[in-house]
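A short write-up of the structure that comes next.
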Amino acid sequence: MKSPLLTISTDQPSSHCCFCSMQCGLEIIPSEKTSGLITKPSQNFPVATGRLCQKGLNALDHVFHAERILEPLARSANGSGRWQTVTWEHAYADIAMRIQSLQSEHGADAIGVYGGGSLTNEVCYLLGKFTRVALRSKYIDYNGRYCMSSAAAASNQAFGIDRGMTMPLSEIPNAKYLILAGTNIAECQPTMMPYLLEAKKKGAVIVTIDPRNTMTSKVADIHVRLQPGFDSVFINGLLHVMVEEKLVDERFIQERTSGFESLKEAVKPFTPGRVEELTGILEPVIRTIARGFAKAETGIVLTARGLEQQSNGVENTLNYINLSLVTGKIGRKGCGYGAVTGQANGQGGREHGQKADQLPGYRSIEDPAAREHVAGVWGIDPSELPGKGVSAYELLKKVDEGEIKALIVLGSNPLVSSPNNRMVERALQKLDLLVVVDMFETETARYAHYILPGSSFAEAEGTMTNLEGRVFHRQKAMELPGNSRLDYHILCELAEALGRGAYFQYAGIENVFRELAAATAGGKADYSGITYQRLQEEKGLFWPCPAPDHPGTPQLFADHFHHPDGRAKLFGIQPKMPAEPIDAEYPFVLTTGRLANHYLSGVQTRRTEALNKKAPVPVAEVHPWLAKRIGLGMDSKIRITSRRGSLVFEVKVTEGIQPRTVFVPFHWGDEHSINVLTNDALDPTSRMPEFKICAVQVERV
Ligand SMILES: Nc1nc2c(c(=O)[nH]1)N[C@H]1C(S)=C(S)[C@@H](COP(=O)(O)OP(=O)(O)OC[C@H]3O[C@@H](n4cnc5c(=O)[nH]c(N)nc54)[C@H](O)[C@@H]3O)O[C@H]1N2
Ligand SMILES: Nc1nc2c(c(=O)[nH]1)N[C@H]1C(S)=C(S)[C@@H](COP(=O)(O)OP(=O)(O)OC[C@H]3O[C@@H](n4cnc5c(=O)[nH]c(N)nc54)[C@H](O)[C@@H]3O)O[C@H]1N2
Ligand code: SF4
Ligand SMILES: [Mo]
Numbered sequence: 001m002k003s004p005l006l007t008i009s010t011d012q013p014s015s016h017c018c019f020c021s022m023q024c025g026l027e028i029i030p031s032e033k034t035s036g037l038i039t040k041p042s043q044n045f046p047v048a049t050g051r052l053c054q055k056g057l058n059a060l061d062h063v064f065h066a067e068r069i070l071e072p073l074a075r076s077a078n079g080s081g082r083w084q085t086v087t088w089e090h091a092y093a094d095i096a097m098r099i100q101s102l103q104s105e106h107g108a109d110a111i112g113v114y115g116g117g118s119l120t121n122e123v124c125y126l127l128g129k130f131t132r133v134a135l136r137s138k139y140i141d142y143n144g145r146y147c148m149s150s151a152a153a154a155s156n157q158a159f160g161i162d163r164g165m166t167m168p169l170s171e172i173p174n175a176k177y178l179i180l181a182g183t184n185i186a187e188c189q190p191t192m193m194p195y196l197l198e199a200k201k202k203g204a205v206i207v208t209i210d211p212r213n214t215m216t217s218k219v220a221d222i223h224v225r226l227q228p229g230f231d232s233v234f235i236n237g238l239l240h241v242m243v244e245e246k247l248v249d250e251r252f253i254q255e256r257t258s259g260f261e262s263l264k265e266a267v268k269p270f271t272p273g274r275v276e277e278l279t280g281i282l283e284p285v286i287r288t289i290a291r292g293f294a295k296a297e298t299g300i301v302l303t304a305r306g307l308e309q310q311s312n313g314v315e316n317t318l319n320y321i322n323l324s325l326v327t328g329k330i331g332r333k334g335c336g337y338g339a340v341t342g343q344a345n346g347q348g349g350r351e352h353g354q355k356a357d358q359l360p361g362y363r364s365i366e367d368p369a370a371r372e373h374v375a376g377v378w379g380i381d382p383s384e385l386p387g388k389g390v391s392a393y394e395l396l397k398k399v400d401e402g403e404i405k406a407l408i409v410l411g412s413n414p415l416v417s418s419p420n421n422r423m424v425e426r427a428l429q430k431l432d433l434l435v436v437v438d439m440f441e442t443e444t445a446r447y448a449h450y451i452l453p454g455s456s457f458a459e460a461e462g463t464m465t466n467l468e469g470r471v472f473h474r475q476k477a478m479e480l481p482g483n484s485r486l487d488y489h490i491l492c493e494l495a496e497a498l499g500r501g502a503y504f505q506y507a508g509i510e511n512v513f514r515e516l517a518a519a520t521a522g523g524k525a526d527y528s529g530i531t532y533q534r535l536q537e538e539k540g541l542f543w544p545c546p547a548p549d550h551p552g553t554p555q556l557f558a559d560h561f562h563h564p565d566g567r568a569k570l571f572g573i574q575p576k577m578p579a580e581p582i583d584a585e586y587p588f589v590l591t592t593g594r595l596a597n598h599y600l601s602g603v604q605t606r607r608t609e610a611l612n613k614k615a616p617v618p619v620a621e622v623h624p625w626l627a628k629r630i631g632l633g634m635d636s637k638i639r640i641t642s643r644r645g646s647l648v649f650e651v652k653v654t655e656g657i658q659p660r661t662v663f664v665p666f667h668w669g670d671e672h673s674i675n676v677l678t679n680d681a682l683d684p685t686s687r688m689p690e691f692k693i694c695a696v697q698v699e700r701v
């Protein structure tokens, strides 16, 4: 497949990498490759100027892959029957007819929508509007529920606003002390590493907290190898020392926070000696980190999915935020807290209404004022807006229970990425209608009735919001291949087929953005001062940006937090057990995560030869102690069994893992899908599944 390159603006990158939240700028240039094009780092985007990791360098491979779907495909029965090429008109008409007949029999809520965090702000916004206005259903959620929901809930509770990073990346080199917990930046946001290395060069101390030695922990001065599930115990130990030795910032606590008494109470029993008993982390290490961080002039705490993807994920995150707050290390130079966002548009994707309980601008769908404002922008009566739906995994459960009869999936592969995914497989088979809008026949799409060929990053213009909260404009770099269409056109055309086209008339994508900006006005994530023209001239703006002459807000909380009293909230955390603690029958902990070469469910990177050949199958990491205990030989494989299933993996024996913990990456489907084993227990607040902890047996095969 050959795609013509467009003539494009030269002072903006041709495009941006489609993978992680760094959103590195890239140039697309002619090459000898069969596709005729390759990527190279752009000098025109400030976040990672001149840098791309191996995923960015190979980001076009999947775009040109021979398996890319180029025509709408249909079949009569899901999971079986042959795919047939159909026209768009046929697809839209038949899908609309089936949706309408299901809705007349079972009600509007019989249709669900499942979105994703790789999509542009405009498409995320339209997905939310499409569900509420065209389908009039309450059931929409998205894969970010599996990603940022615990961090989002914690930030909202502590700060009154959820922007993953409270400061721009450029503040990292100004920090004298960095705590990096459950975040493997070297593999997951590789082009962020120079920021850490610059801080280190200027004398910063770096602490990593992870059950594994990672590429990231290699740059650390202290690595805390914690068993999964013990973060809150460990942090209570640090907070205990800070309180006991009067290292906290009394003035900041008094003037800018509330809740310190409950925090003091909660950490009282967690003496360093007790924390050593519970975690195996030595008392002097606990004291050294507590003193070091508290006494440092500046400091930053970064967390990611390691401690967030747990059934206590919100509380874990709140406890790390406590560290920043009690030491007054937030809202000023060299300071801040950041939950490192994962997906390309994981930040913008959680602001514009594809979350079950949300309207654009990070507004609550249950807030009468927000409903009135957004309904006004959409030209409907507030009473027509549905109420809140349920979280991603619960939505799939409603499919299994038969309440949701049809599902539209755009930008996700939930059959691979959901916990306890045998339930998901069973559920998908029950659907009367499954429509997948994607570039490929994903594992999920195997159960579809329709695959609609959507656009890749290189073909779709739009805005994205990176991990810093920086909104920027991504150009269209090439024409769509074959008969594929832009995601936003697909949504508008389907709305038309459903008889609701009047609400989806846009002369171009910029008009979608204008409407989005108006819909966010006055909300928490306020984009109303942002225009395409400003983004092109200023190479990005940090939200909130509430007026055309507002400069945007790179550093949050300089003088107030976003609760009504202007204060941040401290929370005393009582550490809790994971949903499935180890026991005599299942004596080891399984944790899951990522490799540098692959991306999420692997749909794109398993189709990228240069990446896939470095990691063609998942390999389980086990400690020599465990290897010996199960009598592992040179070439043996292991069987890992949880209460939900049993799978065989190749093994890497490494000292760099907590002895009772096994790590398996999740980028594969079928018999290699670790989510067959993971637990579907959800955090009570964020509804985040416990991807990072389940109890398993491990045996030699
Ligand atoms: N190469 C690559 N990069 C990616 C992605 C990808 O798939 N591949 N995905 C992107 C996305 S969507 C996301 S969300 C981010 C995720 O980025 P990260 O959250 O950094 O990635 P993970 O590997 O899921 O988990 C990070 C670490 O948590 C550790 N961990 C496990 N359990 C615990 C625990 O109980 N406590 C602590 N402190 N640590 C624990 C794991 O050992 C792991 O090293 O990466 C983004 N970047
Ligand atoms: N065990 C375990 N499971 C996990 C995690 C873990 O750490 N451990 N992490 C969780 C996390 S953090 C995440 S974010 C999820 C993500 O998991 P998924 O939601 O499954 O994410 P992807 O694999 O990126 O799926 C995106 C799909 O959208 C398609 N796509 C990409 N861009 C576009 C576009 O612009 N338009 C259209 N139409 N399609 C597009 C891709 O081809 C792909 O099929 O996985 C979660 N699952
Ligand atoms: S760091 Fe992230 S955005 Fe940059 S090239 Fe790598 S995967 Fe792409
Ligand atoms: Mo994620």
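1 is the number of the first residue of the sequence shown in the UniProt record's numbering; add one for each residue after it.
All C-beta atoms in this analysis are idealised placements derived from N, C-alpha and C, irrespective of residue type, glycine included.
Whole-angstrom distance between residue j and residue i, CA atom to CA atom
i	j	result
glycine 56	asparagine 44	15 Å
valine 113	asparagine 345	18 Å
leucine 180	threonine 216	9 Å
valine 207	isoleucine 222	5 Å
lysine 637	leucine 226	26 Å
isoleucine 286	threonine 661	22 Å
proline 481	valine 416	27 Å
tyrosine 503	histidine 240	56 Å
methionine 1	serine 31	Note on methionine 1: pLDDT 49, under 50, position unreliable in the model; the coordinate value appears next. Taking the straight line from one Cα to the other gives about 14 Å.
glycine 160	tyrosine 362	11 Å
residue 739	serine 35	Only positions 1 to 701 of the chain appear in this structure, which leaves residue 739 out of reach.
threonine 641	isoleucine 380	52 Å
DSSP three-state assignment for residue i, whether helix, strand or coil
i	result
isoleucine 640	strand
aspartate 141	strand
residue 710	There is no way to answer for residue 710, as the model of the chain reaches only from 1 to 701.
glutamate 351	coil
glycine 540	coil
histidine 90	helix
phenylalanine 293	helix
methionine 478	strand
proline 689	strand
alanine 158	helix
valine 701	coil
cysteine 20	strand
lysine 202	coil
histidine 223	strand
serine 364	strand
glutamine 12	coil
proline 30	strand
residue 705	Because the chain spans 1 through 701 in this model, residue 705 falls outside it and cannot be assessed.
alanine 96	helix
proline 173	helix
Residue i at chain B interface by Cβ criterion, 9 Å
i	result
leucine 647	No chain B appears in the structure shown, which is made up of a single protein chain.
Contiguous beta strand (DSSP E) assignments of at least 3 residues, all confined to the stretch 643 to 674:
Qualifying beta strand (DSSP E) stretches, in chain order: 645 to 653 and 661 to 665.
Three or more C-beta pairs closer than 8 Å, one from the stretch 168 to 185 and one from the stretch 281 to 300: is that the case here?
yes
Unbroken beta strand (DSSP E) runs of length 3 or more, entirely within the stretch 551 to 637: which are they?
You should have 588 to 593 and 619 to 622.
Can at least three beta-carbon pairs, one atom from the stretch 35 to 49 and one from the stretch 387 to 404, be found at a separation below 8 Å?
no
Given 8 Å, three or more beta-carbon pairs between the stretch 105 to 118 and the stretch 133 to 148
yes
Counting Cβ pairs, one atom from each stretch, are 3 or more of them under 8 Å apart for the stretch 572 to 579 and the stretch 224 to 234?
yes
Which residue spans inside the stretch 468 to 521 form an unbroken alpha helix (DSSP H) run of at least 4?
487 to 497 and 509 to 520
Between the stretch 344 to 362 and the stretch 591 to 598, are three or more C-beta pairs nearer than 8 Å?
As far as the Cβ criterion goes, the stretch 344 to 362 does not touch the stretch 591 to 598, which means the pair count is below three.
Touch test, the stretch 68 to 77 against the stretch 449 to 463, Cβ-Cβ under 8 Å, three pairs minimum
yes
At least three beta-carbon pairs within less than 8 Å, the stretch 609 to 618 to the stretch 424 to 440:
no
Would you call the stretch 88 to 95 and the stretch 313 to 320 in contact, with 3 or more CB pairs under 8 Å?
Contact between the stretch 88 to 95 and the stretch 313 to 320 is absent: fewer than 3 CB-CB pairs across the two stretches fall below 8 Å.
Any contact between the stretch 97 to 114 and the stretch 398 to 418? By contact I mean 3 or more CB pairs, one from each, below 8 Å.
yes
May I have a chain-ordered list of the alpha helix (DSSP H) segments no shorter than 4 residues that lie completely inside the stretch 48 to 72?
54 to 57
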